[in-house]
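Here is the structure we will look at, set down as structure tokens.
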Amino acid sequence: MTGNAVINLRNVDVFQQKHLVLSNVNLNVDKGEFVFLIGQTGSGKSSLLKIIYGDLH
């Protein structure tokens, strides 16, 4: 982390309907960086974006 982080997630777990869908997620995105989320259907891409945007708690 360089101090320019616009997104900083550490050890995030996400449960939906009592099921663990993301486990121990760490993500750091600095200002000016581009990030692409690629994965199979049901792999947690949308759940991760919802956490970043604050739609899930």
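The sequence shown begins at 7 in the working numbering and counts up one residue at a time.
For every residue, glycine included, the Cβ atom is placed at its ideal position computed from N, Cα and C.
Just so we're clear, the structure is a prediction, and the values are computed from it rather than from any experiment.
- Distance from the CA of Asp36 to the CA of Gln23, rounded to the nearest whole angstrom, comes to 32 Å.
- Where Ile13 is concerned, the enclosing beta strand (DSSP E) starts and stops at 11-22.
- DSSP, read as helix, strand or coil, puts Leu43 in coil.
- Asn30 is the residue among Phe40, Glu39, Asn30, Ala11 whose C-alpha sits nearest the C-alpha of Asp19.
- Note on Gly60: under 16 other CB atoms within 10 angstroms of its CB, so exposed under the neighbour-count rule.
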